[in-house]
Every structure is written in C-alpha cells, then in structure tokens.
Amino acid sequence: MTALQKLIDKARDDGVEMMGIAPKNIPGHGIGVLAERDLDPGTVILAVPAQAVRSLHTIPKSVTSKLDASMSVHGLLAADVALRRTAWAEWARLVPSWSELETAMPLTWSQGLRDMLPAEANRLVAQQHVKFKKDWEMFKKGYPSSERQAYLYAWLLINTRGFYYETPALLKYPWHDRLALIPIADLFNHAAVGCMVEYSPDGYQIVTDRAYQAGEELRTSYGEHSNDFLLAEYGFTLNDNHWDGICLDELVLSKLSSEHISALRKRGHHGDFMLDSGSVSRSNLWIALRLHHSGSGGPRWQQYFDGNEDAEGTLAKARYMLVLFLREHLRHAEDTLIALQSMEIDQDTRRNTLAQRWGQVVAMARQALDTQSLASKAVT
Numbered sequence: 001m002t003a004l005q006k007l008i009d010k011a012r013d014d015g016v017e018m019m020g021i022a023p024k025n026i027p028g029h030g031i032g033v034l035a036e037r038d039l040d041p042g043t044v045i046l047a048v049p050a051q052a053v054r055s056l057h058t059i060p061k062s063v064t065s066k067l068d069a070s071m072s073v074h075g076l077l078a079a080d081v082a083l084r085r086t087a088w089a090e091w092a093r094l095v096p097s098w099s100e101l102e103t104a105m106p107l108t109w110s111q112g113l114r115d116m117l118p119a120e121a122n123r124l125v126a127q128q129h130v131k132f133k134k135d136w137e138m139f140k141k142g143y144p145s146s147e148r149q150a151y152l153y154a155w156l157l158i159n160t161r162g163f164y165y166e167t168p169a170l171l172k173y174p175w176h177d178r179l180a181l182i183p184i185a186d187l188f189n190h191a192a193v194g195c196m197v198e199y200s201p202d203g204y205q206i207v208t209d210r211a212y213q214a215g216e217e218l219r220t221s222y223g224e225h226s227n228d229f230l231l232a233e234y235g236f237t238l239n240d241n242h243w244d245g246i247c248l249d250e251l252v253l254s255k256l257s258s259e260h261i262s263a264l265r266k267r268g269h270h271g272d273f274m275l276d277s278g279s280v281s282r283s284n285l286w287i288a289l290r291l292h293h294s295g296s297g298g299p300r301w302q303q304y305f306d307g308n309e310d311a312e313g314t315l316a317k318a319r320y321m322l323v324l325f326l327r328e329h330l331r332h333a334e335d336t337l338i339a340l341q342s343m344e345i346d347q348d349t350r351r352n353t354l355a356q357r358w359g360q361v362v363a364m365a366r367q368a369l370d371t372q373s374l375a376s377k378a379v380t
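Residue numbering for the sequence shown is 1 to 380, as defined by UniProt numbering.
#1: Do the region 294–306 and the region 218–230 touch if we need at least three Cβ pairs shorter than 8 Å?
#2: Could you pull out every unbroken beta strand (DSSP E) segment of at least 3 residues lying fully inside the region 165–250, listed in chain order?
#3: Going by Cα to Cα distance, which pick from Pro-49, Phe-273, Trp-286 and Ala-288 is closest to Met-18?
#4: Report the three-state DSSP secondary structure of Ile-287 (helix, strand or coil).
#5: Can you tell me whether DSSP reads Met-105 as helix, strand or coil?
#6: Tell me which residues share the same chain as Tyr-151 and place their Cβ nearer than 7 Å to its Cβ, disregarding the 5 neighbours each side in the sequence.
#7: Taking the straight line between their C-alpha atoms, what separation do you get for Arg-267 and Gln-127?
#8: Quick one: Cα of Ala-355 to Cα of Asp-9, how far?
#9: Can you list, in chain order, the residues of its chain with a C-beta nearer than 6 Å to that of Leu-251? Leave out the 5 residues immediately preceding and following it.
#10: Can you find the residues in the same chain that come closer than 8 Å, C-beta to C-beta, to Asp-38, ignoring five residues on each side of it along the sequence?
#11: Can you grab the Cα-Cα spacing for the pair Ala-11 / Ala-52, in whole Å?
#12: Is the number of C-beta pairs between the region 313–322 and the region 287–294 that are closer than 8 Å three or more?
#13: By the three-class DSSP mapping on this structure, what secondary structure does Arg-350 have?
#14: Give me the Cβ distance between Val-73 and Leu-56, rounded to the nearest whole Å; I'm assuming they're in contact under 8 Å.
#15: Measure how close the beta-carbons of Tyr-165 and Lys-66 come, nearest whole angstrom, since I'm counting them as under 8 Å.
#16: Please classify Leu-117: does DSSP put it in a helix, a strand, or coil?
#17: What would DSSP say about residue 423, mapped onto helix, strand or coil?
#18: Taking 7 Å as the cut-off, decide whether the C-beta atoms of Gly-245 and Leu-275 are in contact.
#19: Report the rounded CA-to-CA distance for Glu-90 versus Gly-30, giving the unit in angstroms.
#20: Are the Cβ atoms of Phe-163 and Ile-182 separated by less than 7 Å?
#21: From the DSSP output, in three-state form, read off Asn-25 for me.
#22: Throw me the rounded Cβ distance for the Pro-23 and Leu-4 pair, which I believe falls under 8 Å.
#23: Does DSSP put Val-361 in a helix, a strand or coil?
#24: DSSP three-state call for Met-321: helix, strand or coil?
#25: Taking its Cβ as the centre, do 16 or more other Cβ atoms sit within 10 Å of Pro-174, making it buried, or is it exposed?
#26: Based on Cα-Cα distance, which residue from Asn-352, Gly-359 and Ile-345 lies nearest to Ser-110?
#27: With DSSP collapsed to three states, give me the class of Met-19.
#28: Mind checking who Pro-49 pairs with in its DSSP beta bridge?
#29: Helix, strand or coil for Val-95 per DSSP?
#30: If I'm right that Met-116 touches Leu-340 with Cβ under 8 Å, what's the distance once you round it to whole angstroms?
#31: For Arg-54, name the three-state secondary structure that DSSP assigns.
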C-alpha cells in the first residue's frame, strides 16, 4: 500500500468524506486532487469533521508541558510535528522534503539572496524570521538537545500547509496564528481562483467554484494574494495571478511628510500602496499620492475616498506622479535582473525563482506604463 493510500485510509477512518474526487500522483507535478466524475458548481467535494482537524487542542501535554505558555500555535504545531514523528508518519512521507523547502522558501536563503527579493517579499520574510526566532528560542529552551534544522523544517511545513481555524481557545491568539492542519485539504494545489474552502464549528468543507469534468484537477485558492506574498509564504509564484501587483511603498513613503503619514495612519490608509489590476482611484495608493499634492486648503478627503477630481487637480497630478514612480521601479527591476545574471548563487533554482519574480514585475510595470488610461491622463 502506498503512503498516499495509507493517508487516505487514515483520513476516512477519522470521518473525512471525499465526494467525486481522489488525490493522485500527477506525473511531473507531484500530488494533486482529480475529479472522478463530472462535478457541478457548488458541489461539496471534501468534508472534514472537527474531530479530524489537528490544531491546538490535539497537541498532547507531553509536548506542551516543556514549552512556554505564550508560544504561538504555529510554534506548538511545529513542535508536535518535530517531536512526534510516528504520529505524523503517513503525512510526513508525502510533504516536501527539507531540501525542497530549503531551496524554495526565502526564509532559508542567505541574507544576500533575501536582499535581492522585491521589497514586499523581503518585508514578509523579515517578519517570518522574527516569528521563527521567537518560536525556536522557546522550543530550544524546552528541548535543549533539539536541532534547529529539524524544527525549522517542521515550522515551514506548518507555514505552507496550515489553514485558518477558529475555536474558543484559538480566538485568544492573533488571527494569523489561528492555525490547523486539515487532512486531505492540503493535497489540493493552489490557483489564483479555485474551489472554496469553508469552515464552521462542525469542521471544514471544500466546495467547487465551477463545473469540472472527470479527470480534471481541482485546485483551491489561498486567497487574494500577490506573487510577493506567495513567494514569501509558500515558495512559489503564479504565472497567471490576477491578484498580483507592484508594491510602491518605498517610493510613496519617500515623498510623504511625517504629517501626511500620520494623517494616513489615522484614517487607516497607511501602507499597502499596491498597483494591481484591480486598483481604483480611491485605493491607498491614490489617496497617498493625492495627499502629497494637497495644497494650502488641506486634504479633501471625501474627494479622495470617492475617487473624484478636486479643484486642485490632485487626481491628475497623482496619475503623473505614478508614471514617474513606475518608470523608476521599472529601471530598478531591469537592473536587478541584470545583476542576477552576474551573481554567484549556490543553486540555479533560486536564481531562476528571483529572475521569474523580477520578470513579472518588469512585465507589470511596462503594462501599467502602456495603459492608455494612464498615458492619456498624465499631466506634462
């Protein structure tokens, strides 16, 4: 019996139901979930009862008794995986190996390589580093003989395969730390648009987002995330990701006064200065650019929020400023691609990952600059 079949049998024993689907080994793509029959939109294809979910409540006291009570759920689940290998044996045979995660996940890269990431991805990886360092220090204190690599491997598995989950006990943790491992659900591959994942006190369900034909792969969406987020958190990017965007935080913040930054924070519009396919003239990016051009009369917040032009022409000025920012960002992206070719990187896969991401940034910047709506409305 294969490791995959053992995992499926164990899930069924725990009450997991698969309706019209089957996890399979897909040549060249690893494990995925295929439709066994034609499926209509809105069909429940996976039902995972609460008793099959692994989260805070399933971590035994034999693990938690030596750990700080303030340790994150992420860190505790990683401790469980690292320490109780027999309990996780079937699952562990199917997840990516350490060498695969070490290559894919920027958290494991050298600082020099991480500095080659786009700013948004680098910021997210820096946040990961802080979280892992805190969890590792607590784990090492409780289990002094443990090895960092083994714990980091378990920590990354939780990071890449965990799902959001709510119980009364989890609500006391930050929302990003309300994690659980869901049998079979983590075998679905990711797409920008895919099947819907729904949770309730009764457990988890995955529901088809559209019609599927027998033999077609079903994927789930991790959410409305840019490729910077996907690269930092999961170690991959999507070629066709309509949620992708260009992060202009550094350029925008460099032009804003401390008073403007304070005003944006007060109104909940500070940061997340993203230009994407869904950007509208009332997004944080546009509000910040218009605020920069506000005159002696002060900001006209309502016009900014509505996306309407004002007497000072701040919307037109913001469009022109955005064109300048995009040109600067494009130059930086193109220079980075050139620099990557001359760098000595220990693995070509990492170089290719960085080159792919920066290539996507170049393409987005060029497309934005070529957009007729920007070019025709720019003020010269």
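Using N, Cα and C, we set each Cβ at its ideal position, and we do this for glycine too.
Reading off the structure:
#1: Too few Cβ pairs lie closer than 8 Å, so no.
#2: If only uninterrupted beta strand (DSSP E) runs of at least 3 residues are considered, those enclosed by the region 165–250 are 189–200, 203–207, 217–220 and 245–247.
#3: By 1-based counting over the sequence shown, the position of residue 18 is 18. Closest by alpha carbon: Pro-49.
#4: Counting from one through the sequence shown, the residue named residue 287 turns up at place 287. DSSP, reduced to helix, strand and coil, places Ile-287 within a helical segment of the structure shown.
#5: For the purposes of this step, residue 105 is taken as residue 105 along the sequence shown, with counting starting at 1. Reduced to three states, the DSSP call for Met-105 is coil.
#6: Counting from one through the sequence shown, the residue named residue 151 turns up at place 151. Around Tyr-151: Ala-78, Ala-82, Trp-136 and Phe-139.
#7: In the sequence shown, counting from the first residue as 1, residue 267 sits at position 267. In the sequence shown, counting from the first residue as 1, residue 127 sits at position 127. So the alpha carbons of these two residues sit roughly 24 Å apart.
#8: Here residue 355 corresponds to residue number 355 of the sequence shown, with the count starting at 1. Here residue 9 corresponds to residue number 9 of the sequence shown, with the count starting at 1. Cα to Cα, the separation comes out at about 41 Å.
#9: Taking the first residue of the sequence shown as position 1, residue 251 is located at position 251. Cβ contact annotation for Leu-251 (same chain, cutoff 6 Å, sequence separation greater than five): Phe-325, in chain order.
#10: Sequence index remark: in the sequence shown, residue 38 carries index 38 (1-based). Once the five neighbours on either side are set aside, the close Cβ partners of Asp-38 are Ala-211, Tyr-212, Gln-213 and Ala-214.
#11: Translated into the one-based positions of the sequence shown, residue 11 becomes position 11. Translated into the one-based positions of the sequence shown, residue 52 becomes position 52. Ala-11 and Ala-52 have their C-alpha atoms some 7 Å from each other.
#12: Contact holds: three or more Cβ-Cβ distances are below 8 Å.
#13: As a first step, residue 350 is located in the sequence shown; it is residue number 350 there, counting from the start. Assigned with DSSP and collapsed to three states, Arg-350 falls in helix.
#14: Taking the first residue of the sequence shown as 1, we reach residue 73 at position 73. Taking the first residue of the sequence shown as 1, we reach residue 56 at position 56. Taking C-beta atoms under 8 Å as the contact rule, Val-73 and Leu-56 qualify, at a distance of about 5 Å.
#15: Taking the first residue of the sequence shown as position 1, residue 165 is located at position 165. Taking the first residue of the sequence shown as position 1, residue 66 is located at position 66. Wrong, their Cβ atoms sit about 24 Å apart, outside the cutoff.
#16: Counting from 1 along the sequence shown, the entry for residue 117 is found at position 117. DSSP, read as helix, strand or coil, puts Leu-117 in coil.
#17: No statement about residue 423 is possible, as the shown extent of the chain runs from 1 to 380 and does not include it.
#18: Position 245 of the sequence shown, counted from the start, is the residue given in the question as residue 245. Position 275 of the sequence shown, counted from the start, is the residue given in the question as residue 275. Contact: yes.
#19: Here the question's residue 90 lines up with position 90 in the sequence shown. Here the question's residue 30 lines up with position 30 in the sequence shown. Answer to the nearest angstrom: the Cα atoms are 16 Å apart.
#20: Along the sequence shown, read from residue 1 onward, the residue named residue 163 stands at position 163. Along the sequence shown, read from residue 1 onward, the residue named residue 182 stands at position 182. Taking 7 Å as the Cβ cut-off, Phe-163 and Ile-182 qualify as a contacting pair.
#21: Start at 1 with the first residue of the sequence shown, and residue 25 comes out as number 25. Strand.
#22: Against the sequence shown, residue 23 aligns to sequence position 23. Against the sequence shown, residue 4 aligns to sequence position 4. Going by Cβ atoms, the distance from Pro-23 to Leu-4 rounds to 6 Å, so yes, they are a contact pair.
#23: Taking the sequence shown and counting its residues from 1, one reaches residue 361 at position 361. Look at Val-361 here: in three-state DSSP terms it is helix.
#24: Your numbering for residue 321 matches position 321 in the sequence shown. Three-state DSSP puts Met-321 in a helix.
#25: Start at 1 with the first residue of the sequence shown, and residue 174 comes out as number 174. Exposed, since its Cβ has fewer than 16 Cβ neighbours within 10 Å.
#26: By one-based count along the sequence shown, residue 110 stands at place 110. It is Ile-345.
#27: By one-based count along the sequence shown, residue 19 stands at place 19. DSSP, read as helix, strand or coil, puts Met-19 in coil.
#28: One-based indexing of the sequence shown puts residue 49 at position 49. In the DSSP assignment, Pro-49 is bridged to Gly-203.
#29: Indexing the sequence shown from 1 puts residue 95 at position 95. In the three-state scheme derived from DSSP, where H, G and I count as helix and E and B as strand, Val-95 is classed as coil.
#30: As a first step, residue 116 is located in the sequence shown; it is residue number 116 there, counting from the start. As a first step, residue 340 is located in the sequence shown; it is residue number 340 there, counting from the start. 7 Å between Cβ atoms; contact.
#31: On the sequence shown, position 54 is the one that residue 54 refers to. Of the three classes helix, strand and coil, the one that applies to Arg-54 here is strand, per DSSP.
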